[in-house]
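Read through the structure below, which is laid out as structure tokens, and then see the notes.
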Amino acid sequence: MTDHHLAQLNVGRLRWPLDAPESAGFVDGLKPINALADASPGFVWRLTDEGGQDATSIHPDGDDMIVNLSVWESRQALWDFTYRSDHLEYVRRRREWFQRPTEPIMVLWWVPAGHLPSLEEALARLARLREAGPVPEAFTLRRPYEPDGRLAPT
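Residues in the sequence shown are numbered from 1 upward in steps of one, following UniProt numbering.
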């Protein structure tokens, strides 16, 4: 176990409300994909709403915005879940359910092991990435940093 874990936030603006027929493919995948994440090697935690199943009722910037906030033991663990599991199919289909982004929608940052970031903290990191581009406090999978602030090899 390391001294740091990797926090990630991604946001999306829905093309349709979650209860619309056009969103059914996304909504139907929430439970199995969240279960897959929960069981994935290196998974630590994810934000859920009052019901404890997912975070779809949390809308920090309008009813069309949804969030995913999670913590992982490492960049590799997050990468493997995102791109080497059944989750990849949902990444590929994201344009069916979400508006095309005009600015970064995902941010990563290191947290001390055991720290669970708040949504406010996560949104501040996303704002930092949008303002400054990838920096040690707010970076991307394509331009990652190490916990000590060094640019990581890709």
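Quick reminder that beta carbons are idealized off the backbone N, C-alpha and C, glycines included.
Near N34, which residues of its chain fall below 8 Å by C-beta distance, leaving aside the five closest residues on each side in sequence? Translated into the one-based positions of the sequence shown, residue 34 becomes position 34. The residues are R46, Q53 and D54.
Quick one: residues in its chain with C-beta nearer than 6 Å to the C-beta of E22, no 5 flanking neighbours on either side, listed in chain order? Here residue 22 corresponds to residue number 22 of the sequence shown, with the count starting at 1. Here the set comprises W16.
Does the pairing of the stretch 64-73 with the stretch 111-125 give three or more beta-carbon distances under 8 Å? Put simply, the stretch 64-73 touches the stretch 111-125. At least three CB pairs are less than 8 Å apart.
What is the C-beta distance between P117 and V111, in whole angstroms, given that I count them as a contact (C-beta under 8 Å)? Reading the sequence shown from its first residue, position 117 is the one you call residue 117. Reading the sequence shown from its first residue, position 111 is the one you call residue 111. Separation of the CB atoms of P117 and V111 is rounded to 6 Å, and the pair is thereby assigned contact status at 8 Å.
State the CB to CB distance for the pair M65 and V11, rounded to an integer number of angstroms; the pair is presumed to be in contact (CB under 8 Å). Position 65 of the sequence shown, counting from 1, holds the residue named residue 65. Position 11 of the sequence shown, counting from 1, holds the residue named residue 11. That belief holds up - the Cβ atoms of M65 and V11 are roughly 6 Å apart, short of 8 Å.
Would you list the residues sitting across from H5 in a DSSP beta bridge? One-based indexing of the sequence shown puts residue 5 at position 5. Partner(s): V111.
If you scan the UniProt domain "DUF3291" (6-143) from start to end, which runs of the beta strand (DSSP E) of 3 or more residues do you find wholly inside it? Listed in chain order, the complete beta strand (DSSP E) runs (minimum 3 residues) inside the UniProt domain "DUF3291" (6-143) are 43-46, 65-72 and 106-112.
Can you round the beta-carbon distance between W97 and F26 to whole angstroms, since I take them to be within the 8 Å contact cut? Taking the sequence shown and counting its residues from 1, one reaches residue 97 at position 97. Taking the sequence shown and counting its residues from 1, one reaches residue 26 at position 26. The pair is a contact, with the Cβ atoms about 4 Å apart (cut-off 8 Å).
So is R75 buried or exposed if we call it buried at 16+ other beta carbons inside 10 Å? The residue labelled residue 75 in the question sits at position 75 within the sequence shown. Counting the other CB atoms within 10 Å of its CB gives R75 a total of 16 or more, which places it among the buried residues.
For L108 and R84, I'd like the C-alpha separation in whole angstroms. As a working mapping, residue 108 is identified with position 108 in the sequence shown. As a working mapping, residue 84 is identified with position 84 in the sequence shown. Approximately 19 Å, taken between the alpha carbons.
Distance between A113 and H4 (C-alpha atoms, nearest Å): As a position in the sequence shown, residue 4 is number 4, starting the count at 1. As a position in the sequence shown, residue 113 is number 113, starting the count at 1. Each residue's alpha carbon lies about 5 Å from the other.
Could you give the distance in angstroms between the alpha-carbon of D61 and the alpha-carbon of L14? Stepping through the sequence shown from its first residue, residue 61 is reached at position 61. Stepping through the sequence shown from its first residue, residue 14 is reached at position 14. Computed Cα separation, rounded: 12 Å.
Beta-carbon separation of residue 160 and L78 under 8 Å? The chain is shown only over 1 to 154; residue 160 falls outside these bounds and no answer can be derived.
To the nearest angstrom, how far is it from the Cα of D148 to the Cα of E137? Position 148 of the sequence shown, counting from 1, holds the residue named residue 148. Position 137 of the sequence shown, counting from 1, holds the residue named residue 137. Taking the straight line from one Cα to the other gives about 10 Å.
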